[in-house]
Amino acid sequence: MAVTGRRYGARVPAAPVPATPATGRVAPPARPARPSRPSRPSRPSCRELVAALVLPARCPGCGVPAEPACRDCLAAVPRAPAAPPPPGIDDWIAPFAYRGVVREVITRAKYRDRHAALPWLARAMAGAWWAADLPAPDAVTWVPAAPARRRARGVDHARRLATGVAGALGVPAVALLVRRDPQTQTGRGLDDRRRGPDVVLRAGLARRAVPGRVLLVDDVATTGATLRVCAGVLRGAGVASVVACTAARTPGRG
Ligand SMILES: [Zn+2]
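Sequential numbering from 376 applies to the sequence shown in our numbering.
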């Protein structure tokens, strides 16, 4: 893909960035960085504080005290395997394979209120985006969580990841999509999962407010059905380019 877009924000060096870009491209030489847009740090919720008190953070790889994992285990995290983007997605960026330490880190964040991993994942995702050398998006949006799941967890993880990625890239995070089905992809049958969730454009969104280039964020993608459905909705609303960025992926997995 031709590189024509403008770049915003500063390169984020703190998170482990894949040595080989997840999309298979050769990483571009270092570009002059602009100061990133300052993002407001999120305060830990009561649930997060309780979780930290009840269950002290330990590395899921080796058990030493660390959050989200120790330096050695993070350095050994497997990178995302190459995978073609789902239909409607121009490129699919993912820094990590969904297994081992990263799988446990994401599971803890989603189901055990270990949200401290989310900024780390977001930095890794932003780093993978920089390495992929793609045109800058006009906005970052996210795969919306099912309402029941969002209420149960008390947080929308994909939204937090998207906010972190958007802050690193210096572009706005915008809620463009709404989930209508109450059920999550997790636990559904294979046929249901391949059909994807019931997602629509956010009500009241003016046509002129629809960005031309969107970076679509989610935590994990397996079949790619959710990304495909979201991309279809965005393109139907007039979005010209949709690039997906997930923290991890498991291509080919049912
Ligand atoms: Zn470790």
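Using N, Cα and C, we set each Cβ at its ideal position, and we do this for glycine too.
Quick one: is the Cβ of A441 within less than 7 Å of any heavy atom of ligand 1?
yes
Just the Cα atoms here: how many angstroms apart are G599 and W467?
10 Å
If you draw a straight line from the C-alpha of R474 to the C-alpha of P453, how long is it?
Answer to the nearest angstrom: the Cα atoms are 8 Å apart.
Of the choices G542, G463, V614, whose alpha-carbon is the least far from that of R498?
Of G542, G463, V614, the residue nearest in Cα terms is G542.
For the alpha helix (DSSP H) containing W477, list its first residue and its last residue.
The amino acid occupying residue 477 in the given sequence is Val; Trp does not appear at that position. Run containing V477: 475-486, per the alpha helix (DSSP H) assignment.
By DSSP, does C445 sit in helix, in strand, or in coil?
Note: C445 maps to coil in three-state DSSP.
Taking 6 Å as the limit between beta carbons, can you name the residues of its chain near A492, skipping five residues before and five after?
P443, V480, A484
Closest to V553 by CA distance: which of V604, V595, G539, P512 is it?
When the alpha-carbon of V553 is set against those of V604, V595, G539, P512, the nearest one is in V604.
Can we count R450 as close to ligand 1, meaning its CB is less than 7 Å from some heavy atom?
Arg is not the amino acid found at residue 450; the sequence shown has Ala there. Result no, Cβ not under 7 Å from ligand 1.
Work out the CA separation of P519 and R526 for me, nearest whole Å.
12 Å
Following the continuous alpha helix (DSSP H) through R603, name the residue where it begins and the one where it ends.
600-611
Residues near P494 in its chain [Cβ-Cβ closer than 6 Å; skip 5 each side]:
Here the set comprises G539.
Any chance the CB of G436 is under 7 Å from a heavy atom of ligand 1?
yes
Give a yes or no on whether the C-beta atoms belonging to P461 and A514 are separated by under 8 Å.
no
Have a look at V476, P470, P512, I464 and flag the residue whose alpha-carbon is nearest the alpha-carbon of A441.
V476
Cβ-heavy atom distance, D573 to ligand 1, below 7 Å:
No, ligand 1 has no heavy atom inside 7 Å of this Cβ.
Could you check whether P510 and R588 sit closer than 8 Å to each other, using their CB atoms as the reference points?
yes
Please classify A623 as buried or exposed, where buried requires at least 16 other C-beta atoms within 10 Å of its C-beta.
A623 is buried by the Cβ-count criterion.
Does the beta-carbon distance from T625 to D593 come in below 8 Å?
Judged by beta-carbon spacing, D593 lies beyond the 8 Å limit of T625, meaning their Cβ atoms are not closer than that value.
With DSSP run on the structure shown, which of helix, strand or coil describes L580?
Coil.
Own chain, CB closer than 7 Å to R400, minus 5 neighbours either side, in chain order:
The pLDDT assigned to R400 is 43, lower than 50, so where the model puts this residue is not dependable, and the model offers no usable value.
Would you say V575 and V608 are within 8 Å of each other, going by their C-beta atoms?
yes
Taking all protein chains shown into account, do 16 or more other C-beta atoms lie within 10 angstroms of the C-beta of R555, making it buried, or fewer, making it exposed?
Here R555 is exposed, its C-beta having fewer than 16 other C-beta atoms within 10 Å.
Reference V546, options A581, L591, R583, R570, closest by Cα
Shortest Cα-Cα distance from V546 to any of A581, L591, R583, R570 involves L591.
Rounded to a whole number of angstroms, what is the C-alpha to C-alpha distance between L496 and D488?
15 Å
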